[in-house]
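Just below is one structure, and these are the notes that go with it.
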Amino acid sequence: AVCNSNPTPCNDPPDKLFTVHGLWPSNKNGPDPKKCKNIQMNSQKIGNMTAQLEIIWPNVLNRTDHVGFWEREWLKHGTCGHPTIKGDMHYLKTVIKMYITQKQNVSAILSKAMIQPSGRNRSLVDIENAIRSSTNNMKPKFKCQKNTRT
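Numbering follows UniProt numbering, in which position 150 of the sequence shown is assigned residue number 150; successive positions increment by one, without gaps.
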């Protein structure tokens with residue numbers, strides 16, 4: 001979706017799996033919070049998380065700058081997650097945990113329902129039902145974007 005909706009197209013072909021778009025707190029009322037604190041990420045600590053994060057949360061617009069992307073996401077969204085999110089490394093570990101161990105891997109969920117990234121249109125209700133059936137009936141939040149690339 002990012003590659004199709006961004007004015008700067010992605011250089012690489014799209015991944016054949018659904019990846020994390022982001023992790024940010026949300027408000028039930030009003031806009032989602034942004035840039036709550038100016039706390040820089042200590043990217044030296046990422047270490048052995050890098051390989052996992054590059055697969056599940058890649059910078060699809062610039063495959064040479066994953067760390068910079070995660071740093072920007074932390075500043076814009078992660079700093080607003082306190083007290084649930086305890087700090088920058090907890091933010092990144094939470095992304096990994098949600099994707100891998102809490103069964104919020106959308107690729108696996110949709111693949112199980114025979115919905116795979118193939119360029120074929122799917123109804124929103126089919127996608128929602130597949131996600132709900134694998135997440136204890138949790139309702140996903142969708143944001144639709146018109147494909148502006150031809």
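Ideal placement from N, C-alpha and C gives every residue a C-beta, glycine not left out.
Predicted model, so just to flag it, every value in this text is computed and none were measured.
Please identify the residue among the options whose C-alpha is closest to the C-alpha of residue i.
i	options	result
Leu23	His66, Ile96, Arg132	Ile96
Asn27	Gly81, Pro7, Trp74, Gly47	Gly81
Pro31	His77, Ile55, Ser43	His77
Asp52	Asp65, Ser43, Asn29, Lys93	Reading off the sequence shown, one finds Gln at residue 52, where the question assumed Asp. Here the closest residue by C-alpha is Lys93.
Lys112	Gly119, His90, Ser133	Ser133
His21	Ser118, Ser107, Gly119	Ser107
Cys10	Asn62, Ile109, Thr50	Asn62
For the alpha helix (DSSP H) that contains residue i, what are its first and last residues?
i	result
Arg132	124 to 134
His90	88 to 100
Thr64	No alpha helix (DSSP H) contains Thr64, which DSSP labels as neither H nor E.
Thr79	That residue, Thr79, is in no alpha helix (DSSP H); it is neither H nor E in DSSP.
Ala108	106 to 112
Thr50	50 to 56
Taking the alpha-carbon positions, what's the residue i to residue j distance?
i	j	result
Gln40	Pro25	18 angstroms
Asn105	Trp57	11 angstroms
Ile131	Phe142	11 angstroms
Trp70	Met98	16 angstroms
Pro140	Met114	18 angstroms
Lys45	Thr84	20 angstroms
Ile55	Pro7	23 angstroms
Thr150	Arg122	Reliability fails at Thr150, whose pLDDT of 49 lies under 50, so the model's placement of it is uncertain and no value is given.
Gly68	Asn136	34 angstroms
Asn42	Asn48	14 angstroms
Gln116	Trp74	29 angstroms
Asp65	Arg72	11 angstroms
Gly87	Val60	24 angstroms
Segment contact, 8 angstroms Cβ cut-off, at least three pairs: the stretch 118 to 136 with the stretch 32 to 39: Output reads no: the stretch 32 to 39 does not touch the stretch 118 to 136.
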